[in-house]
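The opening residue of the sequence shown carries number 319 in our numbering; numbering runs sequentially from there.
Just so you know, even glycine gets a beta-carbon here, dropped at the ideal spot from N, CA and C.
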Amino acid sequence: VWGPGVVVLQGMRLAQGPRSRARGPSPRRGTLAAACHLPLLLALPVALGITAPGTNRPSRVPHTTPCPPEAPEHTGFVSRRRALTTTAAAAAAGTMSLSSRPVHAIGTLEPLREARALVADTVLRVPQQDDLIRILQESFLMTVVGRKVTPELEMTKLAFGPTTLDTPADFVPGVSSLSRWGGHASITLLTEKSGTGDDEVTTQYELGNGLQYLQLGLPDMRLSKALQYGARPLYSYGWLLLSLPYEVPVQVIIGDVRDPVMLTCVKVTDVTESAAWYRSNLGMRDLPFPLARPAGSQFEPPQPPGSLFLGYANGTPGVLLLPKSKQDRTIEAGGLLRCTRIVVDDSDTGATVAPLLGLVSQGGEREVRDPDGYTYVVEPYSSYRKTVKDSVELQ
Numbered sequence: 319v320w321g322p323g324v325v326v327l328q329g330m331r332l333a334q335g336p337r338s339r340a341r342g343p344s345p346r347r348g349t350l351a352a353a354c355h356l357p358l359l360l361a362l363p364v365a366l367g368i369t370a371p372g373t374n375r376p377s378r379v380p381h382t383t384p385c386p387p388e389a390p391e392h393t394g395f396v397s398r399r400r401a402l403t404t405t406a407a408a409a410a411a412g413t414m415s416l417s418s419r420p421v422h423a424i425g426t427l428e429p430l431r432e433a434r435a436l437v438a439d440t441v442l443r444v445p446q447q448d449d450l451i452r453i454l455q456e457s458f459l460m461t462v463v464g465r466k467v468t469p470e471l472e473m474t475k476l477a478f479g480p481t482t483l484d485t486p487a488d489f490v491p492g493v494s495s496l497s498r499w500g501g502h503a504s505i506t507l508l509t510e511k512s513g514t515g516d517d518e519v520t521t522q523y524e525l526g527n528g529l530q531y532l533q534l535g536l537p538d539m540r541l542s543k544a545l546q547y548g549a550r551p552l553y554s555y556g557w558l559l560l561s562l563p564y565e566v567p568v569q570v571i572i573g574d575v576r577d578p579v580m581l582t583c584v585k586v587t588d589v590t591e592s593a594a595w596y597r598s599n600l601g602m603r604d605l606p607f608p609l610a611r612p613a614g615s616q617f618e619p620p621q622p623p624g625s626l627f628l629g630y631a632n633g634t635p636g637v638l639l640l641p642k643s644k645q646d647r648t649i650e651a652g653g654l655l656r657c658t659r660i661v662v663d664d665s666d667t668g669a670t671v672a673p674l675l676g677l678v679s680q681g682g683e684r685e686v687r688d689p690d691g692y693t694y695v696v697e698p699y700s701s702y703r704k705t706v707k708d709s710v711e712l713q
């Protein structure tokens, strides 16, 4: 064998390691190894396009092994890598600028170019935060992006990356980590207090039966850390349904999505009636059920029967409306889910979200409640962008 074949042969010899001086070489083992590697060594020069002098073989033999088929496409499956590579390719081709504002979009991120509004934050009301923060940080690998402490409340905001809806100044497509990209939704832990010193009392609320779970699509996680700080697994066949401290329900799917915060699942009395309210009052629209893995995967739950997913754009967080069961006489929203914060584009290009613009036309933010009592806070983008930074450092 000539050319690189000699290098490969030397590598195979070195890979066998030093022979024992006491036992000496094994002729049978060496003969068998040579017999096994000989066809590979003879075929190597052809595969590399190397020919012996005087032969008429082509200089390179095309690779004929078919590539594995791609995973089936699903409009609800928007991976972090696909969104990033699309943005990088568009920027490299000159068809878009990473700092320019897409037409009819909130922010300047390419994956959000069809979004006029965005579910930006989910606020959970809990009596204590320490164990929950540890789980979100050490198990789910979230980062604290904001914190506020006053005598009346304690508030901690966590996300999987920058919450700005613009591309961070230090982000380079194809070079920077995906967690350094913008457009990440956040989860806020809120603890309300009254009194001071020994008389301090933490306000607690009824859990209700409305909030079913927050769904996260994580590239990886440390389950041992979640269990260490008090999480209880309720389901663990293919995906995880966890009850975090203070009965915070989280469903985890190991997969690949642009933003790991996928949806909030709530029970409603009437899916049709609630969906009509979300469309007319929040400007949401029906979207395909979001997936963190290719469609049909046994490691991801299918869309619950009778449910409906609504949001503002594919690949962004939304709300999953789940019909109540026969055992549920009434739906109690409860106090665990304080509110869901929606950011709306209040510029001239956002005129298509008329219901939301009507709520914020007088400036500031407004609260509205759906037919079952779930609270939504609507905030104009011009105000929201002043409260976030293009990094994952503390605000």
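When the five nearest sequence neighbours on each side are left out, the beta carbons in the same chain lying within less than 6 Å of the beta carbon of Glu565 are those of Leu525, in order along the chain. With respect to the 8 Å criterion, Leu600 and Asn632 are not classified as neighbours on the basis of their beta carbons. For Lys475 and Gln447, the gap between their C-alpha atoms comes out near 11 Å.
Taking Gly556 as the centre and dropping the five residues before and after it, the same chain places the C-beta of Gln616 and Phe617 closer than 6 Å to its C-beta, in chain order. The Cβ neighbour count for Tyr630, taken over all protein chains shown within 10 Å, is at least 16; the residue is labelled buried.
The shortest C-alpha to C-alpha distance from Arg434 to any of Gly682, Val661, Thr705 and Arg550 is the one to Val661.
Ranked by Cα distance from Tyr547, the first of Leu609, Arg659 and Arg452 is Arg452.
Judged by DSSP secondary structure, Lys511 falls within the beta strand (DSSP E) whose first and last residues are Ser504 to Ser512. Beta bridge pairing from DSSP links Ser561 with Arg550 and Pro567.
The C-alpha of Leu559 is placed about 6 Å away from the C-alpha of Val570. Annotated three-state conformation of Thr440 is strand, per DSSP. One Cα belongs to Leu507, the other to Phe607, and the distance between them is close to 26 Å. Secondary structure of Tyr630 (DSSP, three-state): coil.
Pairwise C-beta distances place the segment 423-442 in contact with the segment 652-659, as three or more of them are shorter than 8 Å. Under DSSP, Ile660 takes part in a beta bridge, and its partners are Val437 and Val696.
Three or more beta-carbon pairs drawn from the segment 584-599 and the segment 682-693 are found closer than 8 Å, and the two stretches are therefore classed as touching. The beta carbons of Val575 and Ala549 sit no closer together than 8 Å. A straight-line Cα-Cα distance of about 48 Å links Pro486 and Lys644. Here Thr648 is exposed, its C-beta having fewer than 16 other C-beta atoms within 10 Å. Within the same chain, Ala631 come within 6 Å of Glu432 by CB-CB distance, once the 5 residues on both sides are set aside.
Beta-bridge partners of Val463 (DSSP): none assigned. Following the DSSP letters along the chain, one finds Leu600 in no beta strand (DSSP E) but inside the alpha helix (DSSP H) bounded by residues Val589 to Leu600.
Rounded to the nearest whole angstrom, the C-alpha separation of Ala594 and Met602 is 9 Å. In the DSSP assignment, Arg684 falls within the beta strand (DSSP E) that extends over Arg684 to Arg687. Checking the DSSP bridge columns, you'll see Asp604 partnered with Leu628.
Leu450: member of the alpha helix (DSSP H) spanning Asp448 to Arg452, first to last residue.
Taking Ser457 as the centre and dropping the five residues before and after it, the same chain places the C-beta of Met539, Arg540, Lys543 and Ala544 closer than 6 Å to its C-beta, in chain order. Fully contained in the segment 519-550 are the following beta strand (DSSP E) runs of length 3 or more, in chain order: 529-536.
Nearest in C-alpha terms to Arg498, of all of Phe489, Val637 and Ser504, is Phe489. Taken atom to atom, the span from the alpha-carbon of Pro567 to that of Ser494 is near 32 Å. With contacts defined by Cβ atoms closer than 8 Å, Ser598 and Leu639 do not form a contacting pair.
In chain order, Ile424, Arg434 and Tyr699 place their CB closer than 6 Å to the CB of Asp663, counting only its own chain and leaving out the 5 sequence neighbours on each side. Collapsing the DSSP output to three states places Pro429 in a helix. Per DSSP, Glu472 is one residue of the beta strand (DSSP E) stretching across Leu471 to Ala477. Contact annotation: Ile505 and Leu436 have beta-carbon atoms that are not nearer than 8 Å.
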